[in-house]
Amino acid sequence: MKLFTLEIKRVLRTKTTWLLLAASLALSGIMAWLPVTFESRYIGGLDGIEQTEVKGMAAIRLVRDAQADLGGVITQEQLRNVLETAQKTLNDSGKAYTYQLSPGIYQENILPIAPLLSRITEVYADPETGMAPGLTDLAPKQLDHYYESCITHLDDLMKLEQKEHPAAQEKARALYAKVKMPFVFYPGYNTNAYDYQMLLIFLVVLFCTVIAAPVFSAEYQTQADDILRCTKYGKARLAVIKLLSALFITSAAFLCCAALYLVLSNSFYGWDMLKTSIQLIFSSVSLGSMNIGQLQLAVTAAGWASLLATISFTLFLSSRCKNTVTALSLALLFCLAPIILYMASSGNAVSWLRCLLPSGGVSILGGFAGEMTDFNFLHLGNFSVWSPYVIAAASLIEIPVFLAAASWSYCRHSQ
1174 MKLFTLEIKR VLRTKTTWLL LAASLALSGI MAWLPVTFES RYIGGLDGIE
1224 QTEVKGMAAI RLVRDAQADL GGVITQEQLR NVLETAQKTL NDSGKAYTYQ
1274 LSPGIYQENI LPIAPLLSRI TEVYADPETG MAPGLTDLAP KQLDHYYESC
1324 ITHLDDLMKL EQKEHPAAQE KARALYAKVK MPFVFYPGYN TNAYDYQMLL
1374 IFLVVLFCTV IAAPVFSAEY QTQADDILRC TKYGKARLAV IKLLSALFIT
1424 SAAFLCCAAL YLVLSNSFYG WDMLKTSIQL IFSSVSLGSM NIGQLQLAVT
1474 AAGWASLLAT ISFTLFLSSR CKNTVTALSL ALLFCLAPII LYMASSGNAV
1524 SWLRCLLPSG GVSILGGFAG EMTDFNFLHL GNFSVWSPYV IAAASLIEIP
1574 VFLAAASWSY CRHSQ
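Written out as structure tokens, the structure reads:
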């Protein structure tokens, strides 16, 4: 325990570590607040009332108050009433789309039901083209079978996206069969907050990678390792201490930042929205059987697993490199590799590689958070698997593998 404490103090004593940890905490607050600043709504514009714009928390409160009556279980009867209200408003105004309405009419009639409108049209998309119809093209009586139509729409969507992979279509049906219906909605949340949670996790992992990269290589570079390897515990035991201390520091930083972000963000948007079904925020046929609160925790847990896998791999690189510049350069390259691969190709082989990389789960493009709300499947012959499962399993396997490899490499270097 004494060696463990001393190693933690040694790592924390460096100026770079303190700056990166402080920056991570500061970013947690900034990232939680930034989506709030994007909120903007217009009020007034009816009966001679002057139109004004409200922003930030005032806009969030306006939306939550307007949509308060939607809170709870969303029934098919309620969906039918929502469609009838939207169609009447559009017909009375002589408009085809809600974005063509004046701000005053939109606020009065559409804003209170807006979260459900896109979920309604999505489900009745053309099975051949995937194009959603306009609100005025639907018959209200179709909504009497809305939840059955969700299942049909998923089948149509998977036939479009996974035409050559019937196993993926079956897996998608099995996953969606677990989704709880009817859906539940509470106002407040939007995808901006989710995107910034994903971005924060990526940046914190990036900072932690910089902290972990010099753990072994710095002592190789200064030749301090020549002295340490001559001590009683200078080989295997010291290697384990260094590995555990690096994981402890980076895990503590990650969990503190993730918790701070969620507490602040959920306080801004309202804690009731955590009970909202993800199908009403992202897609009516999202495959995850969870609400927003469970999704946030799943993304955090997967991010932590990816952090541990990334740091374990970084420590392995550090144990192999003779100077900090090489170790840090390679670590950052592998940390950014999933983003590069995502932009380079969407092929099955590249997708497998992207998801299997240690940092694949925290990538801002194709990471665990993005895959959880998408319909990407990876294929191996006739076998298909939903990509979030691959990302999570790969992270859990890579942690002990790279830790063992780092310890073995350090001990061999000491010989």
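Each residue of the sequence shown is one higher than the one before, counting from 1174 in the working numbering. All C-beta atoms in this analysis are idealised placements derived from N, C-alpha and C, irrespective of residue type, glycine included.
Can you tell me which of the options puts its alpha carbon nearest to the alpha carbon of residue i?
{"i": "Ala1419", "options": "Thr1382, Asn1365, Leu1437 and Ala1542", "result": "Thr1382"}
{"i": "Met1331", "options": "Ala1432, Ala1347, Val1523 and Phe1441", "result": "Ala1347"}
{"i": "Leu1551", "options": "Asn1264, Ser1560, Leu1243 and Ser1438", "result": "Ser1560"}
{"i": "Ser1438", "options": "Leu1373, Thr1309 and Tyr1279", "result": "Leu1373"}
{"i": "Glu1250", "options": "Ile1293, Thr1271, Ala1231 and Leu1179", "result": "Ile1293"}
{"i": "Val1255", "options": "Asp1317, Met1304 and Leu1274", "result": "Asp1317"}
{"i": "Glu1301", "options": "Glu1334, Arg1253, Gly1267 and Phe1441", "result": "Glu1334"}
{"i": "Asp1310", "options": "Leu1274, Val1246, Val1352 and Tyr1270", "result": "Tyr1270"}
{"i": "Leu1308", "options": "Glu1257, Gly1540, Lys1188 and Trp1525", "result": "Glu1257"}
{"i": "Ala1386", "options": "Thr1178, Val1184, Asn1555 and Pro1573", "result": "Val1184"}
{"i": "Thr1248", "options": "Ile1484, Gln1260 and Val1357", "result": "Val1357"}
{"i": "Ile1181", "options": "Val1388, Pro1276, Val1378 and Thr1497", "result": "Val1388"}
{"i": "Ser1485", "options": "Ala1239, Ala1578, Leu1553 and Ala1566", "result": "Ala1578"}
{"i": "Tyr1367", "options": "Lys1261, Asn1264 and Val1209", "result": "Val1209"}
{"i": "Ser1322", "options": "Glu1337, Met1354 and His1338", "result": "Met1354"}
{"i": "Asp1329", "options": "Val1352, Met1304, Gln1315 and Ala1312", "result": "Met1304"}
My output table needs one value for residue i: the three-state DSSP class, helix, strand or coil.
{"i": "Tyr1215", "result": "strand"}
{"i": "Asn1464", "result": "strand"}
{"i": "Gly1520", "result": "coil"}
{"i": "Gly1245", "result": "strand"}
{"i": "Lys1228", "result": "strand"}
{"i": "Leu1311", "result": "coil"}
{"i": "Leu1503", "result": "helix"}
{"i": "Asp1399", "result": "Any reading at Asp1399 must be qualified, since the residue scores a pLDDT of 49, below 50, and its modelled position is unreliable; the value itself is stated next. Residue state, collapsed to three classes: helix."}
{"i": "Phe1548", "result": "coil"}
{"i": "Ser1560", "result": "helix"}
{"i": "Val1436", "result": "helix"}
{"i": "Ser1536", "result": "coil"}
{"i": "Gly1221", "result": "Annotation note: pLDDT 49 at Gly1221 (below 50); position unreliable, coordinate value reported separately. Gly1221 falls in the coil class under three-state DSSP."}
{"i": "Leu1553", "result": "strand"}
{"i": "Phe1356", "result": "coil"}
Could you give the C-beta distance for residue i and residue j, rounded to a whole number, given that I count them as a contact under 8 Å?
{"i": "Ser1457", "j": "Val1296", "result": "5 Å"}
{"i": "Met1545", "j": "Ala1471", "result": "7 Å"}
{"i": "Leu1416", "j": "Leu1576", "result": "6 Å"}
{"i": "Ile1283", "j": "Leu1274", "result": "6 Å"}
{"i": "Cys1611", "j": "Ser1197", "result": "The requested residue 1611 is not part of the displayed model; the chain covers only 1174 to 1588."}
{"i": "Ser1524", "j": "Asn1549", "result": "7 Å"}
{"i": "Leu1192", "j": "Ile1216", "result": "Not a contact, Cβ separation roughly 43 Å."}
{"i": "Val1227", "j": "Arg1214", "result": "5 Å"}
Would the beta-carbon of residue i fall within 8 Å of that of residue j?
{"i": "Ser1536", "j": "Tyr1562", "result": "no"}
{"i": "Gly1533", "j": "Ile1564", "result": "yes"}
{"i": "His1326", "j": "Ala1345", "result": "no"}
{"i": "Gln1342", "j": "Tyr1434", "result": "no"}
{"i": "Phe1441", "j": "Ile1278", "result": "no"}
{"i": "Ser1557", "j": "Ala1391", "result": "no"}
{"i": "Ser1424", "j": "Leu1488", "result": "no"}
{"i": "Pro1360", "j": "Ala1259", "result": "no"}
{"i": "Gly1539", "j": "Pro1511", "result": "yes"}
{"i": "Ile1384", "j": "Thr1190", "result": "yes"}
{"i": "Arg1493", "j": "Ser1580", "result": "no"}
{"i": "Thr1483", "j": "Val1378", "result": "yes"}
Is there at least one Cβ from chain D nearer than 8 Å to residue i's Cβ?
{"i": "Ser1456", "result": "Judged by its chain identifiers, the structure shown contains no chain D, having just a single protein chain."}
Please confirm whether any heavy atom of the ligand HEM lies closer than 7 Å to the CB of residue i.
{"i": "Gly1443", "result": "The ligand HEM is not part of this structure, which contains no ligands at all."}
Segment contact flag, the segment 1197-1209 with the segment 1409-1423, C-beta cutoff 8 Å, min 3 pairs: Judged by pairs of C-beta atoms under 8 Å, the segment 1197-1209 does not touch the segment 1409-1423, as fewer than three such pairs exist.
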